[in-house]
Amino acid sequence: MSGDLDVAIVGAGIGGLALAHTLRPTGRSVRVFEAAEQVGGRMTSVREDGYTIDTGAEQISGRGYPQTWRLLAELGVDPVAVPKVRAGVGVWRNGRAHPGVADPRGLLTGAGLSWRARLDLVRLMATGASRAGADTVAEFAGRYHPDIGEYLLQPVTGGFFGWRPEHSAVAPFLDLLRRVGPASGWRTYRDGMDTLARLLAEGLDVVTGCPVRKVVARDGFATLTTDAGPVTARTVVLCLPAPQARALYANPPARELPYLTASTYTPMLKVSCLLDRPLAPRRAGRLYCLLLPEREDGVLGGILVDHAKHPDRAPPGRGLLTLLAAPRAIPGLLDAPEEEVVGTLTGAAARYVPGLRAATISAHSHRFRHGLPEATPLALRLQPAFLRRPPSPVEYAGDWILARPNSEAAIESALLAAQRIQAACPRTRRRETA
Ligand SMILES: Cc1cc2nc3c(=O)[nH]c(=O)nc-3n(C[C@H](O)[C@H](O)[C@H](O)COP(=O)(O)OP(=O)(O)OC[C@H]3O[C@@H](n4cnc5c(N)ncnc54)[C@H](O)[C@@H]3O)c2cc1C
15 MSGDLDVAIV GAGIGGLALA HTLRPTGRSV RVFEAAEQVG GRMTSVREDG
65 YTIDTGAEQI SGRGYPQTWR LLAELGVDPV AVPKVRAGVG VWRNGRAHPG
115 VADPRGLLTG AGLSWRARLD LVRLMATGAS RAGADTVAEF AGRYHPDIGE
165 YLLQPVTGGF FGWRPEHSAV APFLDLLRRV GPASGWRTYR DGMDTLARLL
215 AEGLDVVTGC PVRKVVARDG FATLTTDAGP VTARTVVLCL PAPQARALYA
265 NPPARELPYL TASTYTPMLK VSCLLDRPLA PRRAGRLYCL LLPEREDGVL
315 GGILVDHAKH PDRAPPGRGL LTLLAAPRAI PGLLDAPEEE VVGTLTGAAA
365 RYVPGLRAAT ISAHSHRFRH GLPEATPLAL RLQPAFLRRP PSPVEYAGDW
415 ILARPNSEAA IESALLAAQR IQAACPRTRR RETA
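In the working numbering, the protein residues as written are 15 to 448.
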């Protein structure tokens, strides 16, 4: 049997594109198959009437994203095109916003925490990570003052990752905090969060609008089925959230199933509001993100001020807000009609942003059934055996491989997949046609 390609990649998210880019200098024939009409996956931006709307990922960081920055340097992107977000994160409590979340200055300003909770936060920062073990966020929070869970861990992990405290393990979050550092180091792409994906795709063989229907491994090769027919490759790499990879792959080896199945995802839902003026949450000062704890709001998990993230996100004199649905509200909204979703979130947001409805020119929802890795204690337990699996004609990449909820993990997983492919088949094959 011979193959049409050396490597067929399913999914042109940042993981699939980083993998294709990494394999390119090795001389292999590599093609990326993408279901959507554009690249970027959960890191896509749409442009409308001068607004740049980040549909999924919102920011990266100067720290904790080494592979992202390496790719940007390779592509010649000047760091000025990825400027700092010059506004902070706050949390809502007792009718007002408290700034200083995810920032050491929060220990002084309070960041919505009582004095006793602040002392516990110092303890958490000093020794918390070493004592996290396999605890869920809720179990870990139970060791500290109740504010730590209710006004810090739940709103941050719920707002940004859609996590439920009783489901997700705390260790990946503490690890991420350690890597990324304070919110003052956050950065965003000046031209939209899809910048890196667009640049990567320019130099690659990417077929968009081409959903892959099925993947089968047989006789040391793998075949994927598209609407245009089958394609056989020496390696097919599924660069998708684990549940999507599992649904596509007809015959995965039994040893891969436990981690593949345990790598569940949280759904995410947000609504972008295109405004005729730069409105922001009241009594919130200059914030980029206002987190809304579950105790304070059952519908919204947070409000992002996109025009404070970067002024070019909205035309001059206008504004752009992103309303993040609260984790517990998302399942009931995920399949609801657009009007109902937009109405529910903008209705809830009016409490924090008076005049929102009148200022809204248009509003759209962005829904992700597979938003972010849930990183449960079970998944973390099964991960080491999965990472040790032997090479296979069907490989994987994606944030779930590292059980870390960010785009850097997707890129790192792509580098791991590239290493596995090169180790399994070090010599470049001449391209043969089936
Ligand atoms: C709401 C939200 C906010 C986030 N915020 C941040 C953030 O601020 N910072 C950060 O670093 N990360 C953030 N993330 C996480 C980040 O977006 C992801 O970790 C990263 O984009 C994952 O990349 P990926 O390539 O692994 O997967 P994806 O981006 O999911 O790519 C998979 C691709 O496969 C395609 N596909 C699916 N099925 C098929 C098929 N059958 N055939 C062909 N193609 C298919 C999809 O269309 C998609 O393009 C956020 C995610 C979400 C959802």
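All residues carry an ideal CB built from backbone N, CA and C; glycine is no exception. Owing to the predicted nature of the structure, the values given are computational and were not obtained by experimental measurement.
In chain order, what are the residue ranges of uninterrupted beta strand (DSSP E) at least 3 long that sit wholly in the segment 187–254?
226–232, 235–240 and 243–253
Please specify which runs of the alpha helix (DSSP H), each continuous and at least 4 residues long, are wholly inside the segment 296–361, giving them in chain order.
320–323 and 344–347
If we ignore side chains and look at the alpha-carbon of each, how far apart do residue 444 and residue 435 end up?
Position 430 of the sequence shown, counted from the first residue, corresponds to residue 444. Position 421 of the sequence shown, counted from the first residue, corresponds to residue 435. Reliability fails at residue 444, whose pLDDT of 45 lies under 50, so the model's placement of it is uncertain and the value that follows must be treated cautiously. Each residue's alpha carbon lies about 16 Å from the other.
Quick check on the burial criterion: 16 or more other C-beta atoms within 10 angstroms. Buried or exposed for residue 15?
For the purposes of this step, residue 15 is taken as residue 1 along the sequence shown, with counting starting at 1. Because residue 15 carries a pLDDT of 48, less than 50, the predicted location of this residue cannot be relied on, and the following value inherits that uncertainty. Classification for residue 15: exposed.
Throw me the rounded Cβ distance for the residue 55 and residue 25 pair, which I believe falls under 8 Å.
As a first step, residue 55 is located in the sequence shown; it is residue number 41 there, counting from the start. As a first step, residue 25 is located in the sequence shown; it is residue number 11 there, counting from the start. About 6 Å; that satisfies the 8 Å criterion.
Using a threshold of 7 Å, is the CB atom of residue 56 nearer than that to any non-hydrogen atom of ligand 1?
The count along the sequence shown starts at 1 and reaches residue 56 at position 42. Yes, the Cβ of residue 56 comes within 7 Å of a heavy atom of ligand 1.
What are the uninterrupted segments assigned as alpha helix (DSSP H) that are 4 or more residues long and contained completely in the segment 31–113, given in chain order?
80–88
Sort 19, 21 and 27 by Cα distance to residue 424 and report the nearest one.
If you number the sequence shown from 1, residue 424 lands on position 410. Nearest option by C-alpha distance: 27.
Taking three-plus beta-carbon pairs below 8 Å as touching, is the segment 364–375 in contact with the segment 284–304?
yes
Check whether the Cβ of residue 293 sits closer than 7 Å to any heavy atom of ligand 1, and report yes or no.
Position 279 of the sequence shown, counted from the first residue, corresponds to residue 293. Taking 7 Å as the cut-off, the C-beta of residue 293 does not count as close to any heavy atom of ligand 1.
Could you say which of 313, 169 and 260 lies nearest to residue 346 if we only look at CA atoms?
Within the sequence shown, numbered from 1, the residue matching residue 346 stands at position 332. The candidate whose alpha carbon is nearest that of residue 346 is 313.
Any chance the CB of residue 199 is under 7 Å from a heavy atom of ligand 1?
Here the question's residue 199 lines up with position 185 in the sequence shown. Because no heavy atom of ligand 1 lies under 7 Å away, the Cβ of residue 199 does not count as near it: no.
Assuming residue 134 is part of the alpha helix (DSSP H), what are its boundary residues?
To locate residue 134, count along the sequence shown from 1; it is residue 120. Taken as a continuous stretch (DSSP letters only), the alpha helix (DSSP H) holding residue 134 covers 129–137.
Taking just the CA atoms, how far does residue 397 sit from residue 417?
Along the sequence shown, read from residue 1 onward, the residue named residue 417 stands at position 403. Along the sequence shown, read from residue 1 onward, the residue named residue 397 stands at position 383. Each residue's alpha carbon lies about 8 Å from the other.
Considering only the alpha carbon of each residue, which of 41, 105 and 394 lies closest to residue 168?
Locating residue 168 in the sequence shown gives position 154, where the first residue counts as 1. Comparing Cα-Cα distances from residue 168 to each of 41, 105 and 394, the minimum goes to 105.
For residue 124, does the three-state DSSP call read helix, strand or coil?
What you label residue 124 is simply residue 110 of the sequence shown in a count that begins at 1. Judged by DSSP in its simplified three-state form, residue 124 adopts coil rather than helix or strand.
Going by alpha carbons, who is nearest to residue 405 out of 440, 381, 389 and 393?
Taking the sequence shown and counting its residues from 1, the one referred to as residue 405 is at position 391. Residue 405 has its Cα closest to that of 440, out of 440, 381, 389 and 393.
Identify whether residue 448 lies in helix, strand or coil by the three-state DSSP scheme.
On the sequence shown, position 434 is the one that residue 448 refers to. Reliability of the predicted coordinates at residue 448 is poor, the pLDDT of 34 falling under 50, and the value obtained from them is presented with this limitation in mind. In the three-state scheme derived from DSSP, where H, G and I count as helix and E and B as strand, residue 448 is classed as coil.
Rounded to whole angstroms, what's the CA-CA distance from residue 204 to residue 72? Just pull it up for me.
The residue labelled residue 204 in the question sits at position 190 within the sequence shown. The residue labelled residue 72 in the question sits at position 58 within the sequence shown. Take the alpha-carbon of residue 204 and the one of residue 72: they are about 11 Å apart.
Can at least three beta-carbon pairs, one atom from the segment 118–125 and one from the segment 142–150, be found at a separation below 8 Å?
As far as the Cβ criterion goes, the segment 118–125 does not touch the segment 142–150, which means the pair count is below three.
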